[in-house]
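A.B. asks:
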Amino acid sequence: MKRSQQCGHDTSSRAERTLATLAVVAAISRADVAHLASLARISMTDAELDVMAGQLDVILGAVGRVQEVAAADIPPTSHPLPLTNVFRDDVPAPSLAPDEALAAAPIAEGQRFRVPRILDEE
Amino acid sequence: MSGDSELCRLEASELAKRIADRDVSAVEVAQAHLDRIAALDTAYHAFLHVDVDGALAQAKRVDAGEVEGPLAGVPLALKDVIVTRGVPTTAGSRILEGWLPPYDATIVERMRDAGIVVLGKTNMDEFAMGSSTEHSGYGAAHNPWDLDRTPGGSGGGSAAAVAGFLAPLGIGTDTGGSIRQPAAVTGTVGIKPTYGGVSRYGLIAFSSSLDQAGPCARTVLDAALLHEVIAGHDSRDSTSIDAPVPPVVDAARDGDVSGMRIGVVKEFAGDGYQSGVTARFDEAVATLAGLGAEVIEVSCPHFDYALAAYYLIAPSEASSNLARYDAMRYGLRVGDDGEASAEAVMAATREAGFGAEVKRRIILGTYALSAGYYDAYYGQAQKVRTLIKRDFESAFEQVDVLVSPTTPTTAFKLGERVDDPLSMYLADLCTIPSNLYGGPAMSVPCGLSDDGLPVGFQVMAPVLADDRLYRVGAALEQALGTAALLDEVWRRDHAATS
Numbered sequence: 000m001k002r003s004q005q006c007g008h009d010t011s012s013r014a015e016r017t018l019a020t021l022a023v024v025a026a027i028s029r030a031d032v033a034h035l036a037s038l039a040r041i042s043m044t045d046a047e048l049d050v051m052a053g054q055l056d057v058i059l060g061a062v063g064r065v066q067e068v069a070a071a072d073i074p075p076t077s078h079p080l081p082l083t084n085v086f087r088d089d090v091p092a093p094s095l096a097p098d099e100a101l102a103a104a105p106i107a108e109g110q111r112f113r114v115p116r117i118l119d120e121e
Numbered sequence: 000m001s002g003d004s005e006l007c008r009l010e011a012s013e014l015a016k017r018i019a020d021r022d023v024s025a026v027e028v029a030q031a032h033l034d035r036i037a038a039l040d041t042a043y044h045a046f047l048h049v050d051v052d053g054a055l056a057q058a059k060r061v062d063a064g065e066v067e068g069p070l071a072g073v074p075l076a077l078k079d080v081i082v083t084r085g086v087p088t089t090a091g092s093r094i095l096e097g098w099l100p101p102y103d104a105t106i107v108e109r110m111r112d113a114g115i116v117v118l119g120k121t122n123m124d125e126f127a128m129g130s131s132t133e134h135s136g137y138g139a140a141h142n143p144w145d146l147d148r149t150p151g152g153s154g155g156g157s158a159a160a161v162a163g164f165l166a167p168l169g170i171g172t173d174t175g176g177s178i179r180q181p182a183a184v185t186g187t188v189g190i191k192p193t194y195g196g197v198s199r200y201g202l203i204a205f206s207s208s209l210d211q212a213g214p215c216a217r218t219v220l221d222a223a224l225l226h227e228v229i230a231g232h233d234s235r236d237s238t239s240i241d242a243p244v245p246p247v248v249d250a251a252r253d254g255d256v257s258g259m260r261i262g263v264v265k266e267f268a269g270d271g272y273q274s275g276v277t278a279r280f281d282e283a284v285a286t287l288a289g290l291g292a293e294v295i296e297v298s299c300p301h302f303d304y305a306l307a308a309y310y311l312i313a314p315s316e317a318s319s320n321l322a323r324y325d326a327m328r329y330g331l332r333v334g335d336d337g338e339a340s341a342e343a344v345m346a347a348t349r350e351a352g353f354g355a356e357v358k359r360r361i362i363l364g365t366y367a368l369s370a371g372y373y374d375a376y377y378g379q380a381q382k383v384r385t386l387i388k389r390d391f392e393s394a395f396e397q398v399d400v401l402v403s404p405t406t407p408t409t410a411f412k413l414g415e416r417v418d419d420p421l422s423m424y425l426a427d428l429c430t431i432p433s434n435l436y437g438g439p440a441m442s443v444p445c446g447l448s449d450d451g452l453p454v455g456f457q458v459m460a461p462v463l464a465d466d467r468l469y470r471v472g473a474a475l476e477q478a479l480g481t482a483a484l485l486d487e488v489w490r491r492d493h494a495a496t497s
């Protein structure tokens, strides 16, 4: 963990201050980014990992400002509307024909998508 | 260019009237716009795909009287994030290059039924992530006011098409300002309707709790006419609001703001705002007061945290939504040599198919949702979202609408911010709160800054009070004469091409 510096004399604009790093933020390492990229299924070169780690550290510093807001007793909002489940009658309706559904497949075989192997060879 | 190009200068409502009166055919109108695109879009790069056959076929249907409506025969530029059956749809990403969707978005069906002629699909930041179109997988679009500058983003292609008279109407999508910020920097009108007011069925998802499609146009009335065509309940979108469409066309025709209470957001002013932006904004507020509106300064203290909350919530949702690009059922597939595992093929495909900004946001979202960081980042951002919503609700107890500049600066130069993600994110500073809240918001031009570039005036309204935006927008447009600002673009282009 690192603690970012707060400027003693703030001459930055309001817009810049909005992004100023004030909160305590977790430093994000190159190894962290490599792990996240693997979770997100994105291959990255060493050079990409270096750039990404530096940029994410700066971005996390800025967005970490949300931690300044005292919100312990505030409920979270996940959606702008009060969502309720929507039901409809189960009525048969036209849907995509198999050839339409398969038309964009990288590889199709018969009436199926052909995919790379998903199990280890054993 | 042929003399028919004068047709491209007309606003949508006027074109529709002439077509309905049989003064001109819909095919002539479509062809005039297609010719202009052929002549000018090498400079603007507003379109990723021009659908000549589809546009002319739809125009013929209008001329045959098969469809009618207040916008029948009027051409439109459609953001490439909206799916169109059999017409290439990429969302600005290489991962979807060459994809032909097997279905139409609901708004595409509604526009077809209304006789609107879709000219093609417009350029955008990849998956709508960006404020300049420089994150497009196919190269940036250019601002008709100054080709060295951005037309904004993510919907810069639609805004450039409308500002450059390639189409009188456009469709954009707005997750954090992607309709309003491009409108502001191109001198056009752009509206983010109330969340749930326009169906998201067939809108390629970026951040599902924030994404909203809406109209772009050169006049407030044209935008309202398009708004009425695309809005309304859709059973195929579970977040679609089942309520009457607000009377936006009536409000745009009326434009009476006397007695309206207009709240100036205190937090969106001061240093960091270009002096010409502040000057035009202040003059516009004074104009509204002169028209009989009551102007009140309002504080929304949590708006200062909106940008930070947004850049946690949107990437988190994006990291989940973009998991569907897995190289299995459609889109790009890389590295499938018969030996590689599905997981290796996915990782190689996503490496090759996604651009830098999309990767940055997926990684950021994955981080914010990780065990151990969830509460501090995503969870806290959701609480801040509640506080921003409460700021709006308490403000709307005192005022009918809130106003601010749409963006802190006019159009920035291409290349100026592309390597500095945080400075790019600042372009959305004033537009993000309405997305987090869910209410409607508009950008309407309010003049030119000292640098000769357009300034946008933002109006924000309560949920389902979209008509108030049009009332204020129409009043300003009429009082300031801002619809004529784009004449400068027209004169210059026309001299260059005729």
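These protein sequence lines are chains X and G, in that order. Under numbering that gives the first Met the number 0, the letters of the first sequence match residues 0 to 121, in that order. Under numbering that gives the first Met the number 0, the letters of the second sequence match residues 0 to 497, in that order. Here a beta-carbon is modelled for each residue, glycine too, at the ideal position from N, C-alpha and C.
Just checking, does the stretch 367 to 386 of chain G make contact with the stretch 403 to 421 of chain G on the three C-beta pairs under 8 angstroms criterion?
C.D. replies: Because the criterion of three Cβ pairs below 8 angstroms is not met, the stretch 367 to 386 of chain G and the stretch 403 to 421 of chain G do not touch.
A.B. asks: So for H48/G, helix, strand or coil by DSSP?
C.D. replies: H48/G: strand per DSSP, three-state reduction.
A.B. asks: Taking its Cβ as the centre, do 16 or more other Cβ atoms sit within 10 Å of A110/X, making it buried, or is it exposed?
C.D. replies: Per the sequence shown, the amino acid found at residue 110/X is Gln instead of Ala. Its Cβ having fewer than 16 others within 10 Å, Q110/X is exposed.
A.B. asks: List, in chain order, every chain X residue whose beta-carbon is nearer than 8 angstroms to that of Y500/G.
C.D. replies: Because chain G spans 0 through 497 in this model, residue 500/G falls outside it and cannot be assessed.
A.B. asks: Which one or two residues does DSSP pair with I261/G in a beta bridge?
C.D. replies: In DSSP, I261/G forms a bridge with V294/G and V400/G.
A.B. asks: Consult DSSP for L82/X and reduce its assignment to one of helix, strand or coil.
C.D. replies: In this structure, L82/X counts as coil in the three-state DSSP scheme.
A.B. asks: So A473/G and L220/G are in contact, right, with Cβ under 8 angstroms, and what is the actual spacing, rounded?
C.D. replies: Right, the Cβ-Cβ distance comes to about 7 angstroms (below 8 angstroms), so this counts as a contact.
A.B. asks: Residues of chain X with CB under 7 angstroms from Y304/G, in chain order?
C.D. replies: Chain X residues near Y304/G: R64, V65 and V68.
A.B. asks: Straight-line CA distance for A107/X to T88/G?
C.D. replies: Distance between the alpha carbons of A107/X and T88/G: 21 angstroms.
A.B. asks: Could you tell me the alpha carbon to alpha carbon distance between T44/X and Q54/X, rounded to whole angstroms?
C.D. replies: Taking the straight line from one Cα to the other gives about 15 angstroms.
A.B. asks: Mind pulling the chain G residues with CB within less than 7 angstroms of E99/X?
C.D. replies: Near E99/X (Cβ distances below 7 angstroms), the residues of chain G are P101.
A.B. asks: Return the residue from the list T409/G, G289/G, I312/G and A288/G that minimises the CA-CA distance to S274/G.
C.D. replies: The shortest C-alpha separation from S274/G is found at T409/G.
A.B. asks: Output the distance between the C-alpha atoms of G64/G and D124/G, rounded to the nearest integer angstrom.
C.D. replies: Going from the Cα of G64/G to the Cα of D124/G covers about 38 angstroms.
A.B. asks: Looking at the structure shown, is T83/G part of a helix, part of a strand, or coil, going by DSSP?
C.D. replies: Three-state result, T83/G: strand.
A.B. asks: Closer than 7 angstroms by beta-carbon distance: list the chain G residues that pair up with P81/X, in chain order.
C.D. replies: Chain G residues near P81/X: none, gap ~10 angstroms exceeds 7 angstroms.
A.B. asks: For G201/G versus V82/G, is the C-beta spacing smaller than 8 angstroms?
C.D. replies: The answer is yes: Cβ separation under 8 angstroms.
A.B. asks: Hey, out of G136/G, T41/G and A380/G, whose CA is closest to R64/X's CA?
C.D. replies: The candidate whose alpha carbon is nearest that of R64/X is A380/G.
A.B. asks: Give me whichever residues DSSP pairs with G171/G in a beta bridge.
C.D. replies: According to DSSP, which records beta bridges pairwise, G171/G is partnered with G213/G.
A.B. asks: Could you please give the first and the last residue of the uninterrupted beta strand (DSSP E) stretch that includes I190/G?
C.D. replies: Unbroken beta strand (DSSP E) run through I190/G: V188 to K191.
A.B. asks: By the three-class DSSP mapping on this structure, what secondary structure does S446/G have?
C.D. replies: Note on identity: in this sequence residue 446/G is Gly, with Ser being the wrong assignment. Strand, per DSSP.
A.B. asks: For L401/G and V471/G, which I take to be in contact (beta-carbon distance under 8 angstroms), what is that distance rounded to the nearest angstrom?
C.D. replies: About 10 angstroms separates the two Cβ atoms, so there is no contact after all.
A.B. asks: Leaving out five residues before and five after Y310/G in sequence, what residues of the same chain have Cβ atoms less than 8 angstroms from its Cβ?
C.D. replies: Excluding sequence neighbours, Y310/G sits near L363 and Y424.
A.B. asks: Are S403/G and C429/G closer than 8 angstroms when you measure CB to CB?
C.D. replies: Result yes, Cβ atoms of S403/G and C429/G sit closer than 8 angstroms.
A.B. asks: Please work out which residues of its chain come closer than 6 angstroms, Cβ to Cβ, to D236/G, disregarding the five sequence neighbours upstream and downstream, and give them in chain order.
C.D. replies: Within the same chain, D236/G has close Cβ partners S198, R199 and Y200.
A.B. asks: Using a Cβ-Cβ cut-off of 8 angstroms, state whether D335/G counts as contacting chain X.
C.D. replies: At least one chain X Cβ lies under 8 angstroms of D335/G.
A.B. asks: Are any of the Cβ atoms in chain X nearer than 8 angstroms to that of Q457/G?
C.D. replies: For Q457/G, the answer is no, since every Cβ of chain X falls outside 8 angstroms of its Cβ.
A.B. asks: DSSP beta-bridge partners for D145/G?
C.D. replies: In DSSP, D145/G forms a bridge with N142/G.
A.B. asks: Go ahead and pull the three-state DSSP assignment for Q273/G.
C.D. replies: Reduced to three states, the DSSP call for Q273/G is coil.
A.B. asks: I'd like to know whether the C-beta atoms of P453/G and V184/G end up nearer to each other than 8 angstroms.
C.D. replies: Yes, the pair counts as a contact, with Cβ atoms nearer than the cut-off.
A.B. asks: Contact between the stretch 459 to 471 of chain G and the stretch 250 to 257 of chain G: three or more CB pairs below 8 angstroms?
C.D. replies: As far as the Cβ criterion goes, the stretch 459 to 471 of chain G touches the stretch 250 to 257 of chain G, which means the pair count is three or higher.
A.B. asks: Would the stretch 434 to 441 of chain G count as touching the stretch 152 to 161 of chain G if we require 3 or more Cβ pairs under 8 angstroms?
C.D. replies: At 8 angstroms Cβ cutoff, the stretches do not touch.
A.B. asks: Identify the contact partners of Q54/X in chain G, using a Cβ-Cβ distance below 8 angstroms as the criterion.
C.D. replies: Those within 8 angstroms of Q54/X in chain G are R359 and P420.
A.B. asks: Beta carbon of G354/G, beta carbon of G136/G: below 8 angstroms?
C.D. replies: Result yes, Cβ atoms of G354/G and G136/G sit closer than 8 angstroms.
A.B. asks: I'd like the list of long-range same chain contacts for D103/G, defined as Cβ closer than 8 angstroms, with 5 residues on each side in sequence excluded.
C.D. replies: Result list for D103/G: V82, T83, R84, R111 and G201, in chain order.
A.B. asks: Closest to I361/G by C-alpha separation, out of A394/G, I312/G and E396/G, would be which residue?
C.D. replies: The option with the nearest alpha carbon to I361/G is I312/G.
A.B. asks: Suppose the cutoff is 8 angstroms on Cβ atoms and the five residues either side in sequence are ignored; what does the same chain contact list for S320/G look like?
C.D. replies: Residue 320/G is actually Asn in this sequence, not Ser. Within the same chain, N320/G has close Cβ partners A204, F205, S206 and S207.
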